Structure formats: structure tokens, C-alpha cells
Amino acid sequence: MVEKLFNFPSELVLIIDRTQWQDTNILMISLAWKKRALPINWKILTHKGASNLAEQKAVIRPVLKLLKGQKIILTADREFHSIFLSHWLKKYQKQDVFFVLRQKKSMMIKRGKKYSKISELKVNIGETKLLLNQKITKRK
Numbered sequence: 055m056v057e058k059l060f061n062f063p064s065e066l067v068l069i070i071d072r073t074q075w076q077d078t079n080i081l082m083i084s085l086a087w088k089k090r091a092l093p094i095n096w097k098i099l100t101h102k103g104a105s106n107l108a109e110q111k112a113v114i115r116p117v118l119k120l121l122k123g124q125k126i127i128l129t130a131d132r133e134f135h136s137i138f139l140s141h142w143l144k145k146y147q148k149q150d151v152f153f154v155l156r157q158k159k160s161m162m163i164k165r166g167k168k169y170s171k172i173s174e175l176k177v178n179i180g181e182t183k184l185l186l187n188q189k190i191t192k193r194k
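Take any residue in the sequence shown, note its place counting from 1, add 54, and you have its number in the working numbering.
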């Protein structure tokens with residue numbers, strides 16, 4: 055039904071984000087569609103500040119189930135940098151679900167045989183650095 059309504063492209067981009075609006079803290083997952091973000095699922099959090107892994111799974115899981123069979127790219131800002139979230143999302147790769155999670159500059163990544171901070175990468179102003187399939191489990 056959803057497919058017929060939207061006539062989806064070959065891959066869908068989903069965005070997970072959280073916003074604090076006055077006293078309301080909302081965690082949501084949206085579909086990027088024609089330069090807009092269309093909310094698909096959300097949860098009103100009972101606390102201020104960042105969401106936790108259980109809350110993130112509760113918002114993401116039903117959407118992945120709804121869109122099963124579609125190629126999905128889930129994007130998130132650095133609030134969602136959790137290694138545990140990335141391990142959980144990795145379980146969905148067989149279902150064509152991929153993810154891009156922005157990382158904090160203090161995160162340690164493996165480059166060759168050694169780890170270094172993301173902040174140590176040489177990136178010029180206005181430039182973007184995309185690191186694919188990085189091991190990011192070590193922290194300093």
C-alpha cells in the first residue's frame with residue numbers, strides 16, 4: 055500500500071532525529087522525500103536530552119518492518135553515534151538496510167593496524183570525508 059502511494063525510488067533514505075520543542079522531547083524517524091522529511095514514526099520521550107538505545111530501537115524497528123523489501127539507507131547525526139546502535143543495525147544488512155551515522159570527533163577509528171581520533175584526519179574547510187566500513191570500537 056505504501057509503495058503504491060509513493061512510487062518509491064530504488065532506495066529510500068530514512069532520517070532519525072530528536073528535537074526538544076518547549077517541554078516536549080520527540081524522537082522520530084522520517085522518510086526523505088522530495089527535499090522534505092516526512093515523519094513515519096515517533097515517540098514522545100518522558101525525559102529531557104538524548105534518547106537511549108531502547109527508545110531508538112522502538113522507533114526504528116516498526117519502520118524497518120513496514121518497509122521490508124525496500125533498500126534503505128538510515129542516516130543520523132552524532133547523537134546516534136552509539137556503537138551498540140550500529141551493531142544492532144548491522145543485523146538488518148541482509149535485508150538491504152544500510153546506515154550512515156555521524157561520529158563525534160573524539161571517536162577512535164582503526165586505520166590500518168592502529169587507532170586514531172577522527173579529529174586527526176586531514177579534512178579541509180568545506181570538505182567532507184566519507185569513511186566506509188570503519189571499525190570504531192576503541193575509545194580513549
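Don't be surprised by glycine CBs; every beta carbon is placed ideally from N, CA and C.
Small disclaimer: the values here were computed from a predicted structure and weren't measured.
Bounds of the alpha helix (DSSP H) holding V113 are 107–120. In the structure shown, S140 falls within a helical segment according to DSSP collapsed to helix, strand and coil.
When rounded, the separation of the alpha-carbon atoms in K122 and Q149 is 7 Å. In this structure L155 touches S140 by the C-beta definition: roughly 6 Å separates them, less than 8 Å. In this structure, DSSP gives I83 an extended state, which the three-state scheme calls strand.
Looking at the DSSP output, Y146 bridges to nothing.
Taking all protein chains shown into account, V117 has 16 or more neighbouring C-beta atoms within 10 Å of its C-beta and is therefore buried. For T129, DSSP records a beta bridge to I69, V154.
Within a 10 Å sphere around the beta-carbon of I70 sit 16 or more other beta-carbons, which makes this residue buried.
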